[in-house]
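Using the numbering used here, the letters of the sequence shown map in sequence onto residues 27 to 317.
Using N, Cα and C, we set each Cβ at its ideal position, and we do this for glycine too.
Predicted model, so just to flag it, every value in this text is computed and none were measured.
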Amino acid sequence: MNAQIINGIEIARLVRAEWKLRADRLIQLGVPPGLAVIIIGDNPASSIYVRNKVKACTEIGIYSEVHSFPEDVEQSEVLDCIQELNESSRVHGILVQLPLPAHFENNRIITSIAIEKDVDGFHFFNVGALVTGNAVFLPCTPYGVMTMLMRHHIPIEGQHVVVVGRSNIVGKPMAFMLLEQGATVTICTSKTRDLAQFTKNADILVVATGKARMITAEMVKPGAVVIDVGINRLTNGKLCGDVDYEAVKTIAGYITPVPGGVGPMTITMLLCNTILAAERAQAGIRMVATN
Ligand code: NDP
Numbered sequence: 027m028n029a030q031i032i033n034g035i036e037i038a039r040l041v042r043a044e045w046k047l048r049a050d051r052l053i054q055l056g057v058p059p060g061l062a063v064i065i066i067g068d069n070p071a072s073s074i075y076v077r078n079k080v081k082a083c084t085e086i087g088i089y090s091e092v093h094s095f096p097e098d099v100e101q102s103e104v105l106d107c108i109q110e111l112n113e114s115s116r117v118h119g120i121l122v123q124l125p126l127p128a129h130f131e132n133n134r135i136i137t138s139i140a141i142e143k144d145v146d147g148f149h150f151f152n153v154g155a156l157v158t159g160n161a162v163f164l165p166c167t168p169y170g171v172m173t174m175l176m177r178h179h180i181p182i183e184g185q186h187v188v189v190v191g192r193s194n195i196v197g198k199p200m201a202f203m204l205l206e207q208g209a210t211v212t213i214c215t216s217k218t219r220d221l222a223q224f225t226k227n228a229d230i231l232v233v234a235t236g237k238a239r240m241i242t243a244e245m246v247k248p249g250a251v252v253i254d255v256g257i258n259r260l261t262n263g264k265l266c267g268d269v270d271y272e273a274v275k276t277i278a279g280y281i282t283p284v285p286g287g288v289g290p291m292t293i294t295m296l297l298c299n300t301i302l303a304a305e306r307a308q309a310g311i312r313m314v315a316t317n
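Following this line, the structure appears as structure tokens:
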């Protein structure tokens, strides 16, 4: 029996249509939501991501501005730019496209973004807020995964979820969001001994490793929900996920394809977070970190 496909393109379309109504309302109130994107260097993948984000903003009615810096820019210049954006009333969300050049201190950049404009949810305050069940912004990729599960009415409470990968961007926030919803969560890493022993016991398996097709059919419980976050480019130029899709879809209950799965959801949730930030600004809600 083939798994039910969780179609990220279709869910993203529905979510964007709903949030466009909220963006329209803000535009009518004279507060068009605004996103600023900072990009440093000329990493081709980053340039594509930024172009796609700007295009998605335009489509939904979000004002956007891109601040591009050369690879050898001084960190202080970027910090000055972030400071100006923190104070700009036109900008409600600020995103710094990762990865940063080697001479940058990632943490310094991430924590210089105003908490209420940190639409990626990477600021330490926002990470702490998420972990303690007080999320300000949900990081976009795991937020997208949660939205996919919810749109398919897939129960989370009481389920055993295995998250493979522990990055700050995907694996860790994913695990905490699922924990918050009452799942029993196991996190696996490259150091995990006998990975299959864990994955085979997952009711829901979320994979974010960046290792092409590493999850094979033998590693999946029949009927499990399989969410493939990975995006890998094969030598023939084609994209594939971290899951062996063709084999696993014959035994899983649900599965996300690559492309067309989690990818379209990530940008969609960035749009949602930007609109949410603008709504809060319009309502006069400020987030302040106290020392
Ligand atoms: P990272 O490289 O930051 O993290 C990968 C994680 O996978 C690490 O924690 C690593 O463990 C773990 N890992 C690697 N190999 C194995 C293995 N053999 N067994 C178990 N765990 C393993 O990647 P990201 O989290 O940023 O991204 C993961 C994938 O998701 C990539 O393909 C990326 O392109 C994609 N991605 C997709 C997005 C989307 O919108 N669909 C958004 C963001 C990312 P350890 O910590 O021990 O090294």
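So, using beta-carbon positions, are Asp-268 and Arg-239 closer together than 8 Å?
Yes, they are a contact pair.
Tell me where the alpha helix (DSSP H) around Val-86 begins and ends.
Per the sequence shown, residue 86 should be read as Ile rather than Val. For Ile-86, the uninterrupted alpha helix (DSSP H) run begins and ends at 70 to 86, by DSSP.
When you compare the CB positions of Glu-297 and Arg-39, do they come within less than 8 Å of one another, or not?
The question names Glu, but residue 297 is Leu in the sequence shown. No, they are not a contact pair.
According to DSSP, Phe-95 sits in a beta bridge with which residue or residues?
In the DSSP secondary-structure assignment, Phe-95 is bridged to Ile-66.
Does the separation of the CB atoms of Val-284 and Val-246 fall below 8 Å?
Against a cut-off of 8 Å, the Cβ pair of Val-246 and Val-284 comes out as no contact.
Beta-carbon proximity list for Leu-265, same chain, < 8 Å, skipping 5 on both sides
Excluding sequence neighbours, Leu-265 sits near Ile-257, Asn-258, Arg-259, Val-284, Pro-285.
In chain order, what residues of the same chain lie with their CB nearer than 7 Å to the CB of Asp-146, ignoring the 5 residues before and after it?
Cβ within range, chain order: Leu-121, Pro-165, Cys-166.
Measure how close the beta-carbons of Gly-289 and Ala-29 come, nearest whole angstrom, since I'm counting them as under 8 Å.
Contact doesn't hold; Cβ gap of about 18 Å is too wide.
Is it the case that the Cβ atoms of Gly-287 and Val-233 are separated by a distance below 8 Å?
At the C-beta level, Gly-287 and Val-233 stay beyond 8 Å of one another.
Are the Cβ atoms of Ala-250 and Ala-228 separated by less than 8 Å?
Contact flag set, yes.
Inter-stretch contact at 8 Å, needing at least 3 Cβ pairs: the segment 77 to 90 / the segment 58 to 66
In short, these stretches touch, since the Cβ pair count reaches three.
Cα-Cα, which of Leu-175, Phe-224, His-179 is closest to Met-200?
The residue from Leu-175, Phe-224, His-179 with its alpha-carbon nearest to that of Met-200 is Leu-175.
Between the alpha carbons of Ile-66 and Gly-184, how many angstroms are there, rounded?
In a straight line, the C-alpha of Ile-66 is about 43 Å away from that of Gly-184.
Classify Gln-109 as buried or exposed, calling it buried when 16 or more other Cβ atoms lie within 10 Å of its own Cβ.
Here Gln-109 is exposed. Its C-beta has fewer than 16 other C-beta atoms within 10 Å.
Helix, strand or coil for Asn-194, going by three-state DSSP, please let me know.
Coil, per DSSP.
Thinking C-beta only, is Val-196 closer than 8 Å to Met-313?
It is not a contact, given that the beta carbons lie outside the stated cut-off.
Best match in Asn-262, Val-211, Gly-208, Asp-270 for proximity to Gly-236 [C-alpha to C-alpha]:
The residue with the shortest Cα to Cα distance from Gly-236 is Asp-270.
Can you check DSSP and say which residues form a bridge with Arg-259?
Paired residue(s): Leu-265.
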